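No gaps in the numbering here: position 290 of the sequence shown is 525 in the working numbering, and each next residue is one more.
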Amino acid sequence: MTRQNRIRTKRVVRAQRTKLQAAQKKYCDQISKLAVRSLLYEVCIAPKPGLVDRYNNGAHRDMDLFLFLDSACALSSYFREITAQAIRLRRIPAKCLLPHLRKPGIQAEEEMFRATGGVNTHKGIVYSMGIFCAACGLLFFQPRRVPVEQVFSLCAEIACGDHSPKEKADTNGERLYRQYQIQGVRGEAANGFPSVRLQGLPALRKAEAMGWNTDASGVYALFHIMANLEDTNLISRSDLQTQEQVREQLTDLLQNPALTPELVLTESSRMDKEFISKYMSPGGAADMLSITFMARWLEQEFPNRFLSASE
């Protein structure tokens with residue numbers, strides 16, 4: 236090869252590398268924006284039972300809508316970094332990825348607490364959405380379009396690599412695990428977020444196909460999640476029997492063939508009053524609603540990467 240050809244080859248390689256880096260940055264930015272948008276939609280959907288929304292603060296006395304907005308925006312760089320980290324580490328097995336994501340996760344929690352003045356608004360979503368964004372990163376070099384369910388499969392692989400020791404602190408989640416073997420968000424992630432994959436996402440697709448507005452579609456998806464999720468937040472603020480009653484009540488509602496968006500929102504408003512009076516909040520279901528929006532928008536915003544539900 237002549238010297239001129241070597242120079243030309245180097246230029247081509249450099250140009251290809253620059254193009255690839257730009258594509259990776261754009262992808263990470265897009266994933267981060269969708270993740271933040273998902274958090275913003277979740278908190279704004281209203282009315283939601285016992286949760287902060289644009290109507291009220293639900294059963295929470297230490298947080299409001301604006302605190303959630305601040306917290307969501309503070310996590311933007313984390314979602315971008317976690318996606319980029321997964322792209323960089325794509326050659327290692329997904330089950331070995333989680334230890335490499337812990338440091339960014341800890342830093343994200345610190346950013347959240349700084350933004351909220353020490354209030355825990357999104358600690359659960361740092362874990363679950365972090366894993367989801369990492370799974371999206373692993374698919375950056377996927378040569379073919381895949382169903383969004385492939386993201387959930389990768390989430391399960393990543394989460395199954397969580398071999399961290401059980402918390403010694405007497406947290407609500409640890410107490411529920413000892414008493415009822417309820418695994419909480421770790422178990423949900425390790426199973427590929429079934430409350431989203433099998434409940435929230437199909438419900439959101441269905442509501443949108445029926446022309447329901449954003450509030451009704453979001454609450455409809457939330458109800459499907461609540462009817463099937465073992466929500467450690469709700470149980471810790473009430474008890475296991477109360478959560479079972481809520482699940483049975485919502486299951487009956489969702490089986491009503493005459494269900495309308497107006498009925499869904501009316502029931503949610505009624506439940507909101509009840510949950511507030513009893514200081515109950517389904518925070519775990521709220522996190523899964525965020526993941527539901529994220530998964531839905533992957534189908535819509537990345538048609539060149541993800542198959543639509545009808546394909």
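Here a beta-carbon is modelled for each residue, glycine too, at the ideal position from N, C-alpha and C. Please read these numbers as outputs of a predicted model, since none were measured by experiment.
task: For valine 454, collect the residues of the same chain with a Cβ closer than 7 Å to its Cβ; drop the 5 residues on either side in sequence, then sort them by chain order.
output: To locate residue 454, count along the sequence shown from 1; it is residue 219. So the qualifying residues of the chain are Ile280, Lys283, Val499, Leu500, Ser503.
field: Status (buried if at least 16 other CB within 10 Å, exposed otherwise) for serine 543
entry: For the purposes of this step, residue 543 is taken as residue 308 along the sequence shown, with counting starting at 1. When all chains shown are included, serine 543 counts as exposed.
field: Contact check, alanine 462 vs arginine 482, beta carbons under 7 Å
entry: Numbered from 1 along the sequence shown, position 227 holds the residue referred to as residue 462. Numbered from 1 along the sequence shown, position 247 holds the residue referred to as residue 482. Yes, they are a contact pair.
When Glu479, Thr495, Ala294 are compared against asparagine 448, the one with the closest alpha-carbon: Position 213 of the sequence shown, counting from 1, holds the residue named residue 448. Of the candidates Glu479, Thr495, Ala294, the one whose C-alpha sits nearest the C-alpha of asparagine 448 is Thr495.
message: Assess contact between the segment 261-271 and the segment 315-326, defined as three or more Cβ pairs (one per stretch) separated by less than 8 Å. Is contact present?
response: yes
message: Just verifying my parser: in three-state terms, what is the DSSP assignment at leucine 374?
response: Locating residue 374 in the sequence shown gives position 139, counting from the first residue. Leucine 374: coil per DSSP, three-state reduction.
- prompt: Using the C-alpha atoms, what's the distance from methionine 347 back to alanine 307?
  reply: The count along the sequence shown starts at 1 and reaches residue 307 at position 72. The count along the sequence shown starts at 1 and reaches residue 347 at position 112. Rounded to the nearest angstrom, the two C-alpha atoms are 8 Å apart.
message: Out of Ala425, Leu469, Glu443, which one is the CA nearest neighbour of lysine 330?
response: As a first step, residue 330 must be located in the sequence shown, where it is residue number 95. Per the Cα distances, Ala425.
task: Please go through the same chain and pick out, in chain order, the residues whose beta-carbon is closer than 8 Å to the beta-carbon of leucine 300, but skip the five residues on each side of it.
output: In the sequence shown, residue 300 corresponds to position 65, counting from 1. The residues are Val278, Cys279, Val287, Asp288, Arg289, Asn292.
query: Taking Cβ positions, are proline 517 and leucine 475 nearer each other than 7 Å?
result: In the sequence shown, counting from the first residue as 1, residue 517 sits at position 282. In the sequence shown, counting from the first residue as 1, residue 475 sits at position 240. No, they are not a contact pair.
field: arginine 249 burial status per 10 Å Cβ neighbour count (16 or more: buried)
entry: As a first step, residue 249 must be located in the sequence shown, where it is residue number 14. Classification of arginine 249: exposed, given that the 10 Å Cβ count is below 16.
query: Which residues in the same chain as proline 378 place their Cβ atom closer than 8 Å to its Cβ, once the five residues preceding and following it in sequence are excluded?
result: Taking the first residue of the sequence shown as position 1, residue 378 is located at position 143. Answer for proline 378: no residue qualifies.
- request: Whole angstroms is fine: what's the gap from alanine 444's alpha carbon to arginine 531's?
  value: Residue mapping note: residue 444 aligns to position 209 of the sequence shown, counting from 1. Residue mapping note: residue 531 aligns to position 296 of the sequence shown, counting from 1. If you take the alpha carbons of alanine 444 and arginine 531, they lie about 12 Å apart.
- prompt: If you follow the alpha helix (DSSP H) that cysteine 390 is part of, which residue opens it and which one closes it?
  reply: Reading the sequence shown from its first residue, position 155 is the one you call residue 390. Its alpha helix (DSSP H) spans residues 384-394.
- request: Could you tell me the distance, in whole angstroms, from the CA atom of isoleucine 360 to the CA atom of aspartate 522?
  value: As a working note, residue 360 is residue 125 in the sequence shown. As a working note, residue 522 is residue 287 in the sequence shown. In a straight line, the C-alpha of isoleucine 360 is about 6 Å away from that of aspartate 522.
field: Continuous alpha helix (DSSP H) stretch holding leucine 433: start and end
entry: Against the sequence shown, residue 433 aligns to sequence position 198. Neither: leucine 433 is in no alpha helix (DSSP H) and is coded neither H nor E.
query: Going by beta carbon distance, what residues of the same chain come within less than 8 Å of threonine 253, once the five residues before and after it are set aside?
result: If you number the sequence shown from 1, residue 253 lands on position 18. Nothing listed; no residue qualifies.
- request: Would you mind sorting leucine 524 into buried or exposed? The rule is 16 or more other CB atoms within 10 Å of its CB.
  value: Sequence index remark: in the sequence shown, residue 524 carries index 289 (1-based). Buried, because 16 or more other Cβ atoms sit within 10 Å of the Cβ of leucine 524.
- request: Tell me whether the beta-carbon of phenylalanine 528 lies closer than 7 Å to the beta-carbon of glutamate 534.
  value: One-based indexing of the sequence shown puts residue 528 at position 293. One-based indexing of the sequence shown puts residue 534 at position 299. It is not a contact, given that the beta carbons lie outside the stated cut-off.
query: Helix or strand or just coil, what does DSSP make of phenylalanine 537?
result: Start at 1 with the first residue of the sequence shown, and residue 537 comes out as number 302. Looking at phenylalanine 537 - three-state DSSP - the assignment turns out to be coil, as it is neither helix nor strand.
field: DSSP beta-bridge partners of leucine 274
entry: Here residue 274 refers to the residue found at position 39 of the sequence shown. None; leucine 274 has no bridge partner.
- prompt: How many angstroms separate the CA atom of isoleucine 526 from the CA atom of threonine 356?
  reply: In the sequence shown, counting from the first residue as 1, residue 526 sits at position 291. In the sequence shown, counting from the first residue as 1, residue 356 sits at position 121. The straight-line gap from Cα to Cα measures roughly 16 Å.
field: Secondary structure of leucine 332, DSSP reduced to three states
entry: On the sequence shown, position 97 is the one that residue 332 refers to. DSSP places leucine 332 in coil when its eight states are reduced to three.
query: Looking only at its own chain, which residues have a Cβ that is under 7 Å from the Cβ of histidine 295, when we skip the five neighbours before and after it?
result: Within the sequence shown, numbered from 1, the residue matching residue 295 stands at position 60. Closer than 7 Å at Cβ, skipping near neighbours: Val287, Ser516.
- prompt: Less than 7 Å separating the beta-carbons of alanine 394 and isoleucine 460?
  reply: In the sequence shown, counting from the first residue as 1, residue 394 sits at position 159. In the sequence shown, counting from the first residue as 1, residue 460 sits at position 225. Not a contact, by the Cβ cut-off of 7 Å.
message: I need the DSSP call for leucine 475, collapsed to helix, strand or coil.
response: Walking along the sequence shown from the start, residue 475 turns up at place 240. The three-state reading of DSSP puts leucine 475 in helix, counting H, G and I together.
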